[in-house]
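Listed in order, the protein sequences are those of chains A and B. Mapping the first sequence onto this note's numbering, position 100 (from 1) lands on 100, and the numbers just tick up by one. Mapping the second sequence onto this note's numbering, position 27 (from 1) lands on 226, and the numbers just tick up by one. Notes for the one structure printed next.
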Amino acid sequence: MNQPTASAANIDRREFVAQLMKHCPNALVIPGLGSSNYDLFAAGDRPENFYMWGAMGGAASIGLGLALAQPSREVIVLTGDGEMLMGMGSLATIGAAQPKNLTIVILDNGHFGETGMQRSHTSLGTDLVSVAKGCNITHASHLTELEQVSDVARAVSAKSGPTVFQVKVKADDVPRALPTRDGVFVKNRFRAALGFEPV
Amino acid sequence: MSDNDTAVAGWKESIYQVLKRGNVKQVAYVPDAGHAHVINRSHDDPDMNAVVLTTEEEGVALGCGAWLGGQRSVLLMQSSGVGNCVNMFSLLHSCRIPFLTLITMRGEFAEFNAWQTPMSQATEGVLKAMGFRVVRVTHPDEVEEVVDAALDSAFVAGEQIAVLISQRLIGRKKWIKD
Chain A
1 MNQPTASAAN IDRREFVAQL MKHCPNALVI PGLGSSNYDL FAAGDRPENF YMWGAMGGAA
61 SIGLGLALAQ PSREVIVLTG DGEMLMGMGS LATIGAAQPK NLTIVILDNG HFGETGMQRS
121 HTSLGTDLVS VAKGCNITHA SHLTELEQVS DVARAVSAKS GPTVFQVKVK ADDVPRALPT
181 RDGVFVKNRF RAALGFEPV
Chain B
200 MSDNDTAVAG WKESIYQVLK RGNVKQVAYV PDAGHAHVIN RSHDDPDMNA VVLTTEEEGV
260 ALGCGAWLGG QRSVLLMQSS GVGNCVNMFS LLHSCRIPFL TLITMRGEFA EFNAWQTPMS
320 QATEGVLKAM GFRVVRVTHP DEVEEVVDAA LDSAFVAGEQ IAVLISQRLI GRKKWIKD
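Structural data, given as structure tokens:
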């Protein structure tokens, strides 16, 4: 019942994120709690990554606040299906606010990977692209091939309105890559990269 | 609803003026009649982004994102909303994010709806348990000074601070059947 289900998804999440970061070297990136946090770190540590070790459901809203504060910068929220599901209301908030420079990339393996691969709602009928479109996020699509990472890169640099990509990734275990858990350090380093001093 | 719910009391305008002077750029809210004036003023202000939320915890995360991007924000909510934020408050604590929230109290004075009471009684304790300093305003004359001081506590000292706006200050809510 709670075992991984066979899926047509064949994208390797690590490879996808590595290529995404190669395409978008200047983006400010908010990863969601869990595997996406590790995927981002594995693609290379950088000050413009705001690693998250908690606050499940908050990644998209953090991205919105950042996108509104830095309208000239590319902002990417890189999260998983479980984290996005917990903050699903934030899609309505983003659809209402319509930030031009916010791209949400959902690495959807259909499971809660951190806790033993229980099936998530995206394995049980929820389609996050439909949810996003229903929230007035008109640029929303599924990605099923690694090569489509260039679609994400184009959307990120276009800054033509909030965009959601639901990326069907393989539900396999990848080695953990653990970024620092010091939130104050990560915050100050991130802000320093934008030219802001600590309080 | 009574006249009190929508009347523009001077203290409501002074909250907006304090936020404006204090360079607050993002005003996140789940509506409340007591906040209605500040919400409307924020929407009309081209230098502010007023952001309507589906649930209050989004405003906690939004405020974190705003600060990462160099902007000051405020979260406007009712006391009931504090309960919706609890785990998200850990983000502020873990990353030491300066944070200001203005909370209109329900369930404490001439309240007709007892469903507001449990969270009302827990509001201050919950905030303190999650690391907030909590101050309260009850008289119109003190609002400007206290909100202004709270703003400095947040964005100059780097605290997480909540200003509770007493229900007595907001006024009695009258519900009349058609």
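Just so you know, even glycine gets a beta-carbon here, dropped at the ideal spot from N, CA and C. Nothing here was measured: the structure is a model prediction, and the numbers come from that model.
9 angstroms Cβ cut-off: residues of chain A touching residue 267 of chain B = By Cβ distance, chain A contributes 28, 30, 50, 62, 65, 66, 69, 70, 187, 190, 191, 194 and 196.
Just by C-beta distance, which residues in the stretch 74 to 96 of chain A are closer than 8 angstroms to chain B?
-> Residues passing the 8 angstroms Cβ filter: 87, 89, 90, 92, 93 and 96.
Residue 103 of chain A - partner residues in DSSP beta bridges | When DSSP reads this structure, residue 103 of chain A sits in a beta bridge with A/76 and A/163.
Entirely within the stretch 85 to 151 of chain A and at least 4 residues each: give me those alpha helix (DSSP H) ranges in chain order.
-> Entirely contained in the stretch 85 to 151 of chain A, the alpha helix (DSSP H) runs reaching 4 residues are, in chain order, 89 to 97 and 128 to 134.
Can you check DSSP and say which residues form a bridge with residue 180 of chain A?
-> Answer by DSSP bridge pairing: none, since residue 180 of chain A is not bridged.
From what residue to what residue does the beta strand (DSSP E) around residue 249 of chain B run?
-> From DSSP, the beta strand (DSSP E) with residue 249 of chain B extends over 248 to 251.
Using a Cβ-Cβ cut-off of less than 9 angstroms, give me the residues of the stretch 355 to 369 of chain B that come near chain A, in sequence order.
-> For the stretch 355 to 369 of chain B, the set of positions with a beta-carbon nearer than 9 angstroms to some beta-carbon of chain A reads 355, 356 and 357 in chain order.
Under 7 angstroms between C-beta atoms, does residue 200 of chain B make it to chain A?
-> With a pLDDT of only 40 at residue 200 of chain B, under 50, the local geometry of the prediction cannot be trusted, and the value read off the model is given with reservation. So, not an interface residue.
Sort A/102, A/148 and A/79 by Cα distance to residue 72 of chain A and report the nearest one.
-> The option with the nearest alpha carbon to residue 72 of chain A is A/102.
Report the three-state DSSP secondary structure of residue 369 of chain B (helix, strand or coil).
-> Here residue 369 of chain B sits in helix by DSSP.
Give the single residue among A/129, A/52, A/116 and A/123 whose Cα lies nearest to the Cα of residue 291 of chain B.
-> For residue 291 of chain B, the nearest C-alpha among the options comes from A/52.
Residue of A/60, A/120 and A/89 minimising C-alpha distance to residue 81 of chain A | For residue 81 of chain A, the nearest C-alpha among the options comes from A/120.
Where residue 296 of chain B falls: helix, strand or coil (DSSP) | Coil at residue 296 of chain B, not helix or strand.
What is the rounded straight-line gap between the Cα of residue 313 of chain B and the Cα of residue 11 of chain A?
-> One C-alpha to the other measures close to 52 angstroms.
Alpha carbon to alpha carbon, how far is residue 369 of chain B from residue 41 of chain A?
-> Per the coordinates, the alpha-carbon of residue 369 of chain B lies some 48 angstroms from the alpha-carbon of residue 41 of chain A.
Using CA coordinates, which residue listed in B/256, B/213, B/239 and B/268 is at the minimum distance from residue 346 of chain B?
-> Nearest of B/256, B/213, B/239 and B/268 to residue 346 of chain B, Cα basis: B/213.
Output yes or no for whether 7 angstroms exceeds the beta carbon distance between residue 282 of chain B and residue 229 of chain B.
-> Their beta carbons are not under 7 angstroms apart, which means residue 282 of chain B does not touch residue 229 of chain B by this criterion.
Secondary structure of residue 228 of chain B, DSSP reduced to three states | Strand at residue 228 of chain B.
Mind listing which residues of the stretch 241 to 252 of chain B have their C-beta closer than 8 angstroms to chain A's C-betas, in chain order?
-> Per Cβ criterion, the list reads 248, 250, 251 and 252.
Could you say if the stretch 265 to 278 of chain B and the stretch 104 to 123 of chain A meet the contact criterion of at least three C-beta pairs nearer than 8 angstroms?
-> Touching, no.
Terminal residues of the continuous beta strand (DSSP E) containing residue 333 of chain B?
-> First-last of the beta strand (DSSP E) with residue 333 of chain B: 332 to 336.
Proximity to residue 85 of chain A [Cα-Cα], best of A/198, A/97 and A/166 = Residue A/166 is the option with its Cα nearest to residue 85 of chain A.
What first and last residue would you give for the alpha helix (DSSP H) that runs through residue 218 of chain B?
-> 209 to 220 is the span of the alpha helix (DSSP H), which, as asked, contains residue 218 of chain B.
Spatial neighbours of residue 305 of chain B within its chain, please: CB distance less than 7 angstroms, with the 5 preceding and 5 following residues excluded, ordered by chain position.
-> Contacts found: 277, 278, 279, 315, 319 and 366.
Nearest-angstrom Cα separation, counted from residue 64 of chain A out to residue 94 of chain A | Taking the straight line from one Cα to the other gives about 7 angstroms.
Proximity below 7 angstroms, CB of residue 256 of chain B to CB of residue 284 of chain B = Contact flag set, yes.
Collapsed DSSP secondary structure at residue 313 of chain B in the structure displayed = In this structure, DSSP gives residue 313 of chain B a helical state, which the three-state scheme calls helix.
Residue 254 of chain B versus chain A: which residues are under 7 angstroms apart at the beta carbon?
-> The answer, in chain order, is 89.
What runs of the beta strand (DSSP E), each 3 residues or longer, lie entirely inside the stretch 266 to 297 of chain B?
-> The DSSP assignment places 271 to 277 as complete runs of the beta strand (DSSP E) inside the stretch 266 to 297 of chain B, in order along the chain (cut-off: 3 residues).
Can you give the Cα-Cα distance for residue 296 of chain B and residue 185 of chain A, rounded to whole angstroms?
-> Near 12 angstroms, if we compare the C-alpha coordinates of residue 185 of chain A and residue 296 of chain B.
Please check the pair residue 61 of chain A and residue 36 of chain A, which I expect to be a contact at CB under 8 angstroms, by giving their CB distance rounded to whole angstroms.
-> No, residue 61 of chain A and residue 36 of chain A are not in contact; Cβ-Cβ is about 15 angstroms, not under 8 angstroms.
Using DSSP with H/G/I as helix, E/B as strand and the rest coil, what is residue 254 of chain B?
-> Under the three-state reduction of DSSP, residue 254 of chain B is assigned to coil, being neither helix nor strand.
Let me know the secondary structure DSSP gives residue 171 of chain A once reduced to three states.
-> Residue 171 of chain A falls in the coil class under three-state DSSP.
Can you give the Cα-Cα distance for residue 181 of chain A and residue 54 of chain A, rounded to whole angstroms?
-> Roughly 10 angstroms between the two C-alpha positions.
Span separating the alpha-carbon of residue 16 of chain A from that of residue 78 of chain A | Straight-line measurement puts the Cα of residue 78 of chain A at about 11 angstroms from the Cα of residue 16 of chain A.
Does the Cβ-Cβ distance between residue 74 of chain A and residue 156 of chain A come in under 7 angstroms?
-> Between residue 74 of chain A and residue 156 of chain A, the gap from beta carbon to beta carbon is short of 7 angstroms.
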